[in-house]
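K.L.:
Heads up, the sequence shown is in the numbering used here, so the first residue is 262 and it goes up one at a time.
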Amino acid sequence: MRCWRHWTDPALMTAATIRNLTLAIPLVGLIALLLGRRPSPRTSAAAFLAGLWVAVAIMIVHASVPDRWWTYAASPTAILGLPLEALLGWAIIWGAVPALAGGPWWAWLLGLGWLDAVAMPAMSPMVLLGPTWWRGALLVLAAGLLPALVLGHSTRTRRWLALRVGMQVALFGSVVLVGLPNLVLSQTGGSWAALGQQPLAVRAVLFVVAALAAVLALSAVAELARVGRGTPFPWDPPEQLVISGPYAYLANPMQTGGVALLAVLGVGVGSWMLVAAAGSAGLLSSAVFDWHERETLARRWADYRAWRSSVRPWLPSWRPRGLPGSELDVDAECAICRATGRLLTAPGLAVRAIPASENGLRRLRYRNEHVGAEGIAAVGRALEHRNLALAVLGWGIRLPGIDLALQSLADATGLGPVGMRCSDPASPRVHQGGLSHRRRSDHS
Numbered sequence: 262m263r264c265w266r267h268w269t270d271p272a273l274m275t276a277a278t279i280r281n282l283t284l285a286i287p288l289v290g291l292i293a294l295l296l297g298r299r300p301s302p303r304t305s306a307a308a309f310l311a312g313l314w315v316a317v318a319i320m321i322v323h324a325s326v327p328d329r330w331w332t333y334a335a336s337p338t339a340i341l342g343l344p345l346e347a348l349l350g351w352a353i354i355w356g357a358v359p360a361l362a363g364g365p366w367w368a369w370l371l372g373l374g375w376l377d378a379v380a381m382p383a384m385s386p387m388v389l390l391g392p393t394w395w396r397g398a399l400l401v402l403a404a405g406l407l408p409a410l411v412l413g414h415s416t417r418t419r420r421w422l423a424l425r426v427g428m429q430v431a432l433f434g435s436v437v438l439v440g441l442p443n444l445v446l447s448q449t450g451g452s453w454a455a456l457g458q459q460p461l462a463v464r465a466v467l468f469v470v471a472a473l474a475a476v477l478a479l480s481a482v483a484e485l486a487r488v489g490r491g492t493p494f495p496w497d498p499p500e501q502l503v504i505s506g507p508y509a510y511l512a513n514p515m516q517t518g519g520v521a522l523l524a525v526l527g528v529g530v531g532s533w534m535l536v537a538a539a540g541s542a543g544l545l546s547s548a549v550f551d552w553h554e555r556e557t558l559a560r561r562w563a564d565y566r567a568w569r570s571s572v573r574p575w576l577p578s579w580r581p582r583g584l585p586g587s588e589l590d591v592d593a594e595c596a597i598c599r600a601t602g603r604l605l606t607a608p609g610l611a612v613r614a615i616p617a618s619e620n621g622l623r624r625l626r627y628r629n630e631h632v633g634a635e636g637i638a639a640v641g642r643a644l645e646h647r648n649l650a651l652a653v654l655g656w657g658i659r660l661p662g663i664d665l666a667l668q669s670l671a672d673a674t675g676l677g678p679v680g681m682r683c684s685d686p687a688s689p690r691v692h693q694g695g696l697s698h699r700r701r702s703d704h705s
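#1: Near Trp355, which residues of its chain fall below 7 angstroms by C-beta distance, leaving aside the five closest residues on each side in sequence?
#2: Compute the Euclidean distance between the alpha carbons of Ser336 and Asn281, then round it to the nearest angstrom.
#3: Going by DSSP, name the residue or residues bridged to Tyr510.
#4: In the DSSP assignment, the beta strand (DSSP E) including Thr606 goes from what residue to what residue?
#5: For the alpha helix (DSSP H) containing Thr278, name the first residue and the last one.
#6: Per the contact definition of three or more C-beta pairs closer than 8 angstroms, is the stretch 514-525 in contact with the stretch 633-651?
#7: Do you know offhand how far Val520's Cα is from Leu467's?
#8: What number of angstroms, rounded off, separates the C-alpha of Ala593 from the C-alpha of Leu605?
#9: Measuring straight from C-alpha to C-alpha, what distance separates His414 and Arg599?
#10: Taking the alpha-carbon positions, what's the Ile292 to Gly350 distance?
#11: Taking the Cβ atom as the reference point for each residue, do Pro493 and Ala652 lie within a distance shorter than 9 angstroms?
#12: Counting only runs of 3+ residues fully inside the stretch 513-566, write out the beta strand (DSSP E) ranges in chain order.
#13: Find the nearest neighbour of Glu635 within the set Pro678, Glu346, Cys595, Leu654, judged by alpha-carbon distance.
#14: What's the C-alpha gap between Val503 and Gly586?
#15: Taking the alpha-carbon positions, what's the Ile568 to Gly583 distance?
#16: Cα separation between Trp330 and Leu461?
#17: Would you please state the rounded distance, in angstroms, between the beta carbons of Val445 and Ser505? I believe it to be under 8 angstroms.
#18: For Thr332, which residues does DSSP report across the bridge?
#19: For the structure I just gave you, are there three or more beta carbon pairs, one from the stretch 414-425 and one from the stretch 294-312, closer than 8 angstroms?
#20: Among Leu523, Trp395, Leu438, Ser301, whose alpha-carbon lies nearest the alpha-carbon of Ala378?
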């Protein structure tokens, strides 16, 4: 009888008991779902991503909220002051369970939001709430629960590609470049302030290396989405083999960029443990993930082995390997366009000067059997055919958002679509507002 009263009376429950319950109850529900539904790999991937999002979001919010909102009792399993049991429990019940169970994401939002409002006050003495704790609860719901439900739903149903790719970048970027460094620095007594204390020359070199690594990784992610119609997550893969962009120069551009960024952070803050973590990540990728990828993708795509044998896994080639033959169409009546085409001529890239009025050509147009691009994006694609240095420039100008900004700038300076830009001065045609007319002579 005393045992039953201990487990049912909140006043008699210890912080350790509540910590264990916050993990045990969601874990039982998760196991029941796994045994009852036997989810597909895609559904399991959705559950993993959603749960990881919840865990990362809660840790970030916990590290930033003021103490007057809530404080946790001391725990031997705490990570940055947050009990591990509670963190895992929230990740399961907010992220994994809704993704596995399915149903409208908005219904889960309402139900779990109500449950959180009821359960938080009952978790004393594990967590001590301040009078304005509800503000922090709303912040956690907005930053953790809502995005996790959307990410899980979009991954499971394979919808909203741009959204889930962006969320994956934010999620894994936060884990690798924020969560892991903070964890290492907290355990070793390091500080981010050490980065600002480096000599100017060192900071400049680190910045350049970090920028190049970021361009490499982000452009690879964008290529998987634009060309392959998939994401970098292995269980939410592209629909076709991607051999363009950074993948024409090396096999593991995302891993290479991520490891390089982590190593740069380690050098910048003076943490050799972070540098060692970067090296360990590279070794793990080579020994485990690379082997898994080779076996999986070779079965999925017949051309995989031929492409993989032509590119190195980590060290990029100076020239592209395996890029399909492509065409770059330029306006035959535009001197700037023709000159640009001559500058972009490269092996495997046929430049054609064609009458824009007869072929529906509006801007520079790049195309092959896999991709098509116009304007600034076409220039970036063409640069990939030259060498690694120019390819990096091309990847940079094709990054999402940057390509739109550069295209808008080009349009505003007179390099816009045919019919909206000034014609070749040597041409008898002048384009104004989409209308063509012949110049009149001074004697007409």
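The beta-carbon is built from N, C-alpha and C at its ideal position, and this holds for glycine as well. Model, not experiment: these values are computed from the prediction.
P.N.:
Considering the structure as presented:
#1: The count along the sequence shown starts at 1 and reaches residue 355 at position 94. Closer than 7 angstroms at the Cβ level, and outside the excluded window around Trp355, lie Val315, Leu373, Gly405, Leu406, Ala409.
#2: Along the sequence shown, read from residue 1 onward, the residue named residue 336 stands at position 75. Along the sequence shown, read from residue 1 onward, the residue named residue 281 stands at position 20. Rounded to whole angstroms, Ser336 to Asn281 spans 11 angstroms at the Cα level.
#3: In the sequence shown, counting from the first residue as 1, residue 510 sits at position 249. Beta-bridge pairing links Tyr510 to no other residue.
#4: Mapped onto the sequence shown, residue 606 falls at position 345. Unbroken run through Thr606: none, as it is neither H nor E.
#5: The residue given as residue 278 occupies position 17 in the sequence shown. Unbroken alpha helix (DSSP H) run through Thr278: 276-298.
#6: no
#7: For this step, residue 520 is matched to residue 259 along the sequence shown. For this step, residue 467 is matched to residue 206 along the sequence shown. Going by the C-alpha atoms only, they are around 14 angstroms apart.
#8: Within the sequence shown, the letter at position 332 stands for residue 593. Within the sequence shown, the letter at position 344 stands for residue 605. Those two C-alpha atoms are separated by around 15 angstroms.
#9: Here residue 414 refers to the residue found at position 153 when the sequence shown is read from its first residue. Here residue 599 refers to the residue found at position 338 when the sequence shown is read from its first residue. If you take the alpha carbons of His414 and Arg599, they lie about 48 angstroms apart.
#10: In the sequence shown, counting from the first residue as 1, residue 292 sits at position 31. In the sequence shown, counting from the first residue as 1, residue 350 sits at position 89. Those two C-alpha atoms are separated by around 13 angstroms.
#11: Here residue 493 refers to the residue found at position 232 when the sequence shown is read from its first residue. Here residue 652 refers to the residue found at position 391 when the sequence shown is read from its first residue. Not a contact, by the Cβ cut-off of 9 angstroms.
#12: none
#13: Along the sequence shown, read from residue 1 onward, the residue named residue 635 stands at position 374. The option with the nearest alpha carbon to Glu635 is Pro678.
#14: Taking the first residue of the sequence shown as 1, we reach residue 503 at position 242. Taking the first residue of the sequence shown as 1, we reach residue 586 at position 325. Whole-angstrom Cα-Cα distance: 15 angstroms.
#15: To locate residue 568, count along the sequence shown from 1; it is residue 307. To locate residue 583, count along the sequence shown from 1; it is residue 322. Inspection of the sequence shows that residue 568 is occupied by Trp rather than by Ile. Whole-angstrom Cα-Cα distance: 7 angstroms.
#16: Within the sequence shown, residue 330 is the residue found at index 69, counting from 1. Within the sequence shown, residue 461 is the residue found at index 200, counting from 1. Between Trp330 and Leu461, the C-alpha separation is close to 40 angstroms.
#17: As a working note, residue 445 is residue 184 in the sequence shown. As a working note, residue 505 is residue 244 in the sequence shown. About 36 angstroms separates the two Cβ atoms, so there is no contact after all.
#18: Reading the sequence shown from its first residue, position 71 is the one you call residue 332. For Thr332, the beta-bridge partners assigned by DSSP are Leu389.
#19: yes
#20: Walking along the sequence shown from the start, residue 378 turns up at place 117. Minimum Cα distance to Ala378 is reached at Trp395.
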